[in-house]
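Peer 1: Protein chains in written order, with my numbering: chain D, 1 to 660; chain W, 1001 to 1489; chain A, 2001 to 2167; chain U, 3001 to 3552; chain G, 4001 to 4100.
Please see the structure below; I have some questions.
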């Protein structure tokens, strides 16, 4: 019995949800819902508790990094991939977020899904997701991380397509998986390259080995740069960045708790996590960093613009998620990994809350998701509306809500970064403005104003406490979640940064240095600017949607092309369909299969066969049955034999003998 | 006193066979019982076969070197003896079914066998010629044995006309060789000075090759084969495909084993004949729907394979006969395996043919595996052996020929042979497919299984066991035919 | 031009003419007769070469027995003028060409290789019938005996084939 | 000189005995026949488990050898032996046979006896191929297994069965006959059919094949194997054979027979003709990659479920071939693992397709749709298997693919990158077809009432699933045992790094990578050092090949 | 004295004519005759050679050939009679039941 029992059997943390999933999957079909609920909640809850205990022990042990190899999973030649788990501060954040938020959402789901068919299936999938997500964040090497990576993809596939009777749902699930696969393609190649370069994929050894290298200069595509970019390709897939973000909006086909857990709080942040986890590699490659920053920034802005006009409440949230993830990458890209993770955490809180609240709204509306058909719900479902309002304030970046601090940290860091900092910062602000605008648009459209639905048909009702409870908890978190960074505004330390310092050592130092360099005023100024923009955004939203509700349609009419463009999400899906999907299908069907395979290769083979048959028929017809012809054949044969014997090369002498 | 006993002993099998032939003829007017004749015939062919042993034990040249009783002739005597024995077994029921006179058949069979024996042991061209004629003329008659069948008589006519046509070539060849070398003794020919008499000898040998090429149905002399095989009574077809062919090959082999000039001149001819014959046989068989005809074509193809080995022999024999030993072995073993298989297959065909040989088309074999599983299995085994699949004698036969060909660097020929065996696979499979993968026709199912009398089953058993045995354990045969004194020196 | 040569050419011409007429004649009987002419001519040539015995056999067996058999069969089947069908495409011009090529080639080859056979012949002592008999009954007794069986086969075959069916 | 009894002979001939026993039985008592067949195949499987004990971990060379004179001239021996690679392939065979017996429990209703006889004879042939160390013996079994398979397809298959069967046989024969020529040619060169001896002779360069000859020999063997695999342009027999074959036939075909090709490459092409292999490698790799992508795309286009699976194996086997011809011990290990994994998962896929066929008597995807409503269990299994086949981590498919790509990348990053596209595509076609078959509303009326998996089917699928999972997690159990064997192959094919010289001109970034990292070179050094240690003879060959490459 | 060559060439010509006749006559009997003609050509060659070589065996061969010819004649004519009986024709071209 070691002094840290749980820490030394860390596997139990992921294993519990797996057990829950297996139990529910195998036996749940015949069980009443309450057993299923019990299994699911207890398994995830326990795993949360164990996680807490493990964290406690980890800090108790006081070591920078806890790492343990449980068993070898793949071994070939000098390659070894083990079932190795590790724990450090970064892991702590992730694990707690995953298990904690996950658990809350489980509880929420018990209420939300209560009347759905396939209840057991749902929770089995959800637990499975928890398992893979925990593997992802606990993994001590890239291969095991990849297990979680693919696994969460799978579970998201399953959960998005949970209502498999709906074609749109199963389509969305398939799309999610395949798009992720495209990212994974890059991720795998990245791993291969790393292994080729360093001969290992263990975080510890690999990162120490990197230390021996000198960084790739800006614009130089050395091993590290390529490796980072490949890894980042995976990240774009998983975290829905340009150009692979397309699956996330569709993913809203899944039940809302799923959207909250997977497509807001946890899975989609995996990409950010990976980048943060491999920050050493990235810091060694400014090029890659820049790429990350640009992609993040662009995505943030791009998604925000789309979010402006979406009418489906979940779609709006989806695009805002994409946009927020963009922020996180922006943070990583400018070297402020701490800020990135910080935002990741706060985002997990308020975005989960947003989704859950939205779910509660939908629940209240009896499945209605179109905001134009809502309105005036504020009075009817107070808890929901207030919690959602908190979350909105948080995401809009209104102090003292959590979002403000994290977003501010990011904007500040981007402003600081020497490569194109101003531009990045500018776009960041703009995005903040848009975010504030469309989020309050959502709020106003949903909760205030006149009801735009038939009150007789729809009986709006507040959700059960099993759903509201999590909302409240998350609301609290969304408020206080950012206060770690509060002291920085009074020259105090950034607790969160210090906490993560052991992990982001180098990078953090850099950030610190920057902070020192930057005058404190500047920081305050920037914070103020950010706050201002947020307010402006809110103001516009208020002006447009509450003061004069005609306005939106006028605007839409006045700038029709832009509006339609945004409404159709820049036609990216259509573009992909036209440029990739359909050509590929056409090619495979008509060229590869019908033409090359059937006609070409098989045709040739059969052609040979038929040719042989034809010749055979010829031979057959030489059998005229007429003795005289046969005699001629014999004579012909005689001549052949004579000719061969006399005139074949080697017998030429005799020819001359004849003619002479 | 001449001839000495030893001379007689060295041709004992032939004497016995001829003797039995005469005996049967003499008994024919007095005995009515058909079984009796069958018994005598079995006895005779067996006796001759056994006698082959004694004449092998007291081996050596006989009649001033006209004949040579050695391992080689022993092997072929044994082969033709067994063949005739099996043919007797198979023919008995057939003749009863077709209501054909039996004694004459056996007598002719005996003389034919004797002729083959002579061919196998002849060491002198004219003796060989006589042997050839004995076997040929008797087979002409046998081919036309079903007198009132148009097909049978026609096949007899074609066989006879073309056969004697080819014989004339053969004979002319002998004459020219005689003129060139002043002798017809193969042994003496070896000493003949090729340089002075080159052209004439070459022409003579070419003519001989033509004559024998006809007998072994090498393309383009193969034209007669399908017609004759189809028309002749099936047991006779079995005999034709197994016996005379083997005997003719024996003479061919002996000639250029002993006459260096032949080895020297014949190589390319064999190369070409082999290629042509393989393709003619296999391609022709592709489109056949009459099983007898199909097998006829396949036997052409197999003649082609054997000729490949001949080409190998010729190209190896440059380096002395010892070099060529494996190739000889290949030829001999192939002839053995082939004879067994063809006998078995044709026996089944003759039995399934029914009265007047009506059911010969592939369609009559549809779903045979369900009507008569064992017969179908047997036939499939034979076909697979012809195809050259493992654990059948045919596999080793083909393997040895490939080996011979590759040994003598005839890669091109080997590849051609490979291609051909694939083509061959197609039509052999076709028969198997029909038997196993198609449902029997209504009337066939109604007719029920054809009875297989004991004698026929005996034939099948022998051929089957032989095929499998030599397919798993060819050692005894191989060891025997690989002996250095195969050709008695 | 010595006497033997003249005789040779005369007989050769006769033989060839006979052979040609065998081909040209429409009626089998006439063909048979022209074949007999050829045989007689050949017998003459044998005599010229001093092979009396062979010549005699040629006349007696061939000209006598065998051809009589032919004529007999022709009569038996009272075969008329042969109908001139040409169903075989091959046996038309191509056949002609091939045959010409073959015959020409053989003849030419032999003519070329003439040197190989020595042309002087010892007549007289050699052509003794005694010598032949000795060979037949000593050196070649085995094939000779076999021929007896061959004849048997022939008889048997003829009987089997030609006898009228009882049933 | 030989150890360990006659286990191998038993393994080869026990099913034959069983088959004979079956033949003796009366034809009409189907149940009895089935159970006997089941009994035999299970017993065989249990015997084969003894191999695990017989082949110690890390032992190089062949174990449990059996050696007996068979035919004096040419010297043909009855020489059996097993190493890490063949052992697991044998295990795969003996495992899949009872599964197929079980799978054809009800679906085979006419000529039951013959069916099981054929199945067992097939097992005999396959096991024989894997275990024989004498080339002649190898060829004999190779041909032997042809007929049972052809009959399985041709008698118990579907509509176009005859065409498929004949096509299958002709294709295979076309290759194998040439291989026979090659074998004999090799015999002429070395004077023996004994594989280890020949390897010795060639490795010690007692006989040096001149490049052209070696290449021809290599091709003679390679084509035969490539047809079996099937490699890209030679694959067209496969879809027909698979679609027409009965379920058990497909399982054996996909599960085992295809592996014979890749096994042959490992066992013959690489060790015997290293230089030729090296020269051919890049072309083979190109074909393999084409096969991977092409197979995937074509299966993407298939309206026929079984054909889809068939084409998917073209794609998967492409990975194996690539792994073999990348000459990296990791990829080699991966190739072996992928063989086994593919055997299991594709076998399972065919089983499932067969179960669907038993219910609906069609393979047309359009005929299905929404099936997970009536049959959730079957749907779940299908998803599971599909995931394993598309290489989801923690399932068997991943390990093989990952190792192959990883290993290949170490030598030719380009190949690996192209091949990795197959990973994306496999997800596409499998998930798309799965969606069309199982998701959505039920479109066809008589799909509404289909029964879910029966007990028997559940047992089959459960076993498969367990193995799949186990192979996905416990891979070292296998890789540890195959390591030494694959290493041997590597040493034989790669006596020295002459290949670097012959490697395709690397594109710009790769050059950078190589320059940037010191690691790979170190690895190479270590490997080549190991080579020196393990096979001292190899240096000679090294020299030869070196100057040969110099010539080229 | 006549050179042997002349005889042999004559035999070659006769042989050729025989072949010619075999192919270009339709009547079975005549065709058979042409075979006899060819055999005669052979005989001529034999005798010529034997005389040239000064050996008797050539003449012995001639005897054998004649015997064989007789045998063939017997059987052949038997077959011809059979054909004539079955087919009511002597034209070989009409006897083509077996074909393809």
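Each residue gets a CB set at the ideal place from its N, CA and C atoms; glycine is no exception.
Name the residues in the segment 4007–4026 of chain G whose C-beta lies less than 7 Å from a C-beta of chain D; which are they?
Peer 2: Listed in sequence order: 4019, 4022 and 4023.
Peer 1: Look at the alpha carbon of residue 3431 of chain U and the alpha carbon of residue 3386 of chain U, and state the distance between them as a whole number of angstroms.
Peer 2: Near 8 Å, if we compare the C-alpha coordinates of residue 3386 of chain U and residue 3431 of chain U.
Peer 1: At the level of alpha carbons, what is the spacing between residue 3015 of chain U and residue 3120 of chain U?
Peer 2: So the alpha carbons of these two residues sit roughly 5 Å apart.
Peer 1: Mind listing the chain U neighbours of residue 151 of chain D? Cutoff is C-beta to C-beta under 9 Å, in chain order.
Peer 2: Within chain U, the residues near residue 151 of chain D are 3392, 3393 and 3394.
Peer 1: Using only alpha-carbon positions, find the residue among U/3108, U/3123 and U/3074 that is nearest to residue 3096 of chain U.
Peer 2: Checking every option, the nearest Cα to that of residue 3096 of chain U belongs to U/3123.
Peer 1: Using only the alpha-carbon positions, how far apart do residue 589 of chain D and residue 3235 of chain U sit?
Peer 2: Taking the straight line joining both Cα atoms gives about 17 Å.
Peer 1: Under 7 Å, do residue 111 of chain D and residue 487 of chain D count as touching if we go by C-beta distance?
Peer 2: For residue 111 of chain D and residue 487 of chain D, no; Cβs fall outside 7 Å.
Peer 1: When the cut-off is 7 Å and only beta carbons count, does residue 1210 of chain W lie next to chain G?
Peer 2: Not one chain G Cβ lies under 7 Å of residue 1210 of chain W.
Peer 1: Looking at residue 3162 of chain U and residue 1437 of chain W, is the spacing between their C-beta atoms short of 7 Å?
Peer 2: Contact: yes.
Peer 1: Per DSSP, what kind of secondary structure is residue 4094 of chain G in: helix, strand or coil?
Peer 2: Of the three classes helix, strand and coil, the one that applies to residue 4094 of chain G here is helix, per DSSP.
Peer 1: Can you tell me whether DSSP reads residue 78 of chain D as helix, strand or coil?
Peer 2: Three-state result, residue 78 of chain D: coil.
Peer 1: Tell me whether residue 4004 of chain G sits in a helix, a strand or coil according to DSSP, three-state version.
Peer 2: The answer is helix: DSSP assigns residue 4004 of chain G an H, G or I state.
Peer 1: Does the beta-carbon of residue 1077 of chain W have 16 or more other beta-carbons within 10 angstroms, so that it is buried, or is it exposed?
Peer 2: It counts as buried.
Peer 1: Compare the Cα-Cα distances from residue 2133 of chain A to each of A/2062, A/2054, A/2078 and A/2158 and report the closest residue.
Peer 2: Answer by Cα proximity: A/2054.
Peer 1: In terms of alpha-carbon separation, which member of D/417, D/592 and D/176 lies closest to residue 283 of chain D?
Peer 2: Of D/417, D/592 and D/176, the residue nearest in Cα terms is D/417.
Peer 1: Please report the straight-line C-alpha distance between residue 3389 of chain U and residue 140 of chain D, rounded to a whole angstrom.
Peer 2: Going by the C-alpha atoms only, they are around 26 Å apart.
Peer 1: Less than 7 Å separating the beta-carbons of residue 432 of chain D and residue 348 of chain D?
Peer 2: No; because the gap between Cβ atoms is not below 7 Å, this pair is not in contact.
Peer 1: Hey, quick one: how far does the alpha helix (DSSP H) through residue 232 of chain D stretch, first residue to last?
Peer 2: Segment 223–238, the alpha helix (DSSP H) holding residue 232 of chain D.
Peer 1: Since residue 1107 of chain W and residue 2156 of chain A should fall inside the 8 Å C-beta cutoff, what is the C-beta to C-beta distance between them, to a whole number of angstroms?
Peer 2: Going by Cβ atoms, the distance from residue 1107 of chain W to residue 2156 of chain A rounds to 6 Å, so yes, they are a contact pair.
Peer 1: With distance defined between alpha-carbon atoms, name the residue in U/3040, U/3451 and U/3035 nearest to residue 3374 of chain U.
Peer 2: Minimum Cα distance to residue 3374 of chain U is reached at U/3451.
Peer 1: When burial is assigned at 16 or more other CB atoms within 10 Å of the CB, is residue 3017 of chain U buried or exposed?
Peer 2: So residue 3017 of chain U ends up on the exposed side.
Peer 1: Thinking residue 1115 of chain W and residue 1135 of chain W are a contact (beta carbons under 8 Å), I'd like their distance in whole angstroms, please.
Peer 2: Between residue 1135 of chain W and residue 1115 of chain W the Cβ distance is about 3 Å, and since that is below 8 Å, they are a contact.
Peer 1: Straight-line CA distance for residue 3189 of chain U to residue 1290 of chain W?
Peer 2: So the alpha carbons of these two residues sit roughly 44 Å apart.
Peer 1: Can you confirm whether residue 2021 of chain A, when its beta carbon is compared against all beta carbons of chain G, has any partner nearer than 7 Å?
Peer 2: No - not a single Cβ of chain G is within 7 Å of the one on residue 2021 of chain A.
Peer 1: Which residues, taken in chain order from the segment 1021–1042 of chain W, show a beta carbon closer than 8 Å to some beta carbon of chain A?
Peer 2: Result list: 1021, 1022 and 1025.
Peer 1: Indicate the three-state DSSP secondary structure (helix, strand or coil) for residue 2078 of chain A in the structure shown.
Peer 2: DSSP places residue 2078 of chain A in coil when its eight states are reduced to three.
Peer 1: Using 8 Å for Cβ pairs, my map puts residue 4048 of chain G next to residue 4089 of chain G. What's the rounded Cβ distance?
Peer 2: Between residue 4089 of chain G and residue 4048 of chain G the Cβ distance is about 39 Å, and since that is not below 8 Å, they are no contact.
Peer 1: Pick out whichever of W/1047, W/1468 and W/1070 has its Cα sitting closest to the Cα of residue 1060 of chain W.
Peer 2: Nearest option by C-alpha distance: W/1070.
Peer 1: Residue 4098 of chain G versus chain D: which residues are under 7 Å apart at the beta carbon?
Peer 2: Ordered by position in chain D, the residues that pass the 7 Å Cβ test against residue 4098 of chain G are 625.
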